[in-house]
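With this note's numbering, the residue at position 61 of the sequence shown is 1349, and numbering never jumps. A virtual CB, placed ideally from N, CA and C, is assigned to each residue, including glycine.
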Amino acid sequence: DIFTLFKVQVVFVTVTVNFNIHIFRRILRGTRAKAVEAERKLSGSFEDNKGQLLFPVTGRYTIVRPFGRHAHPTLKYIKTDNSGIDIEVKAGGKARVIFDGTVSAIFRQSGFNNVIMIRHGSYISIYANIKSITVKKGDSVKAGTILGDIYADPDDNNRAIMHFEIRKEREKLNPELWVK
């Protein structure tokens, strides 16, 4: 009958509108998050922005090894010291500059692949396990500048893990207190 047909159409329209609103909200939320990060202007000194610096990788990530002393994963009486944080990203993940600075060194180190050091006044940010490098020594870089791809290690199930440190000259600082 016509009344049942009308009820079915109203339900269909209501479900379609609610679904479209839900999709629109998800898109808007993602756009807002990207806009907030893009609009987040860091001003002042490196130290003034403690807790507000950009996170050193793009996209989703997991901190797989935090800063500080930890029990060795297989040798229970051995302690290891992590002078930074180890961040896992999906293959193709990129390293990025956390604050304006100057590329002070690029070198290769066994166990760390390519290492990039950025000087921010008396502070230094260190990015290790970089596969392809998009900057060179002496470059002035802005916060958010892509430094390169994070190396996916075939000997570790192609996991892409970047080691990241922040230092005040030689003093090792906990990066989780500085980046957001």
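Do the stretch 1391-1398 and the stretch 1354-1374 touch if we need at least three Cβ pairs shorter than 8 Å? Judged by Cβ distances under 8 Å, the stretch 1391-1398 makes no contact with the stretch 1354-1374, as fewer than three pairs qualify.
Helix, strand or coil for L1363 per DSSP? Here L1363 sits in coil by DSSP.
So, using beta-carbon positions, are V1345 and I1438 closer together than 8 Å? Annotated as proximal: V1345 and I1438, with beta-carbon spacing under 8 Å.
Which partner residues does I1375 have in the DSSP bridge list? Answer is I1351, M1450, bridged to I1375.
Who are the Cβ neighbours of W1440 in its own chain at under 6 Å, not counting the five residues just before and after it? Reading off the sequence, residue 1440 comes out as Ala, not Trp. Correct list, in chain order: A1379, N1446, A1448.
Of the residues G1436, N1402, K1425, A1383, which one's Cα is nearest the Cα of T1390? Looking at G1436, N1402, K1425, A1383, the one whose alpha-carbon comes closest to that of T1390 is K1425.
With a threshold of 8 Å, are at least 3 pairs of Cβ atoms found where one atom belongs to the stretch 1448-1459 and the other to the stretch 1405-1418? These segments touch.
Tell me the DSSP bridge mates of I1467? Sequence check: residue 1467 is Val here, not Ile. Note: V1467 sits in a beta bridge opposite L1341.
Based on DSSP bridge pairs, tell me the residues matched to N1445. DSSP output for N1445 lists no bridge partner at all.
DSSP-derived helix/strand/coil call for D1336: DSSP places D1336 in the helix class (H, G or I) of the three-state scheme.
Ignoring anything shorter than 3 residues, give me the beta strand (DSSP E) runs that lie fully in the stretch 1396-1443, in order along the chain. With a minimum length of 3 residues, the continuous beta strand (DSSP E) runs that stay inside the stretch 1396-1443 are 1401-1408, 1411-1421, 1434-1438.
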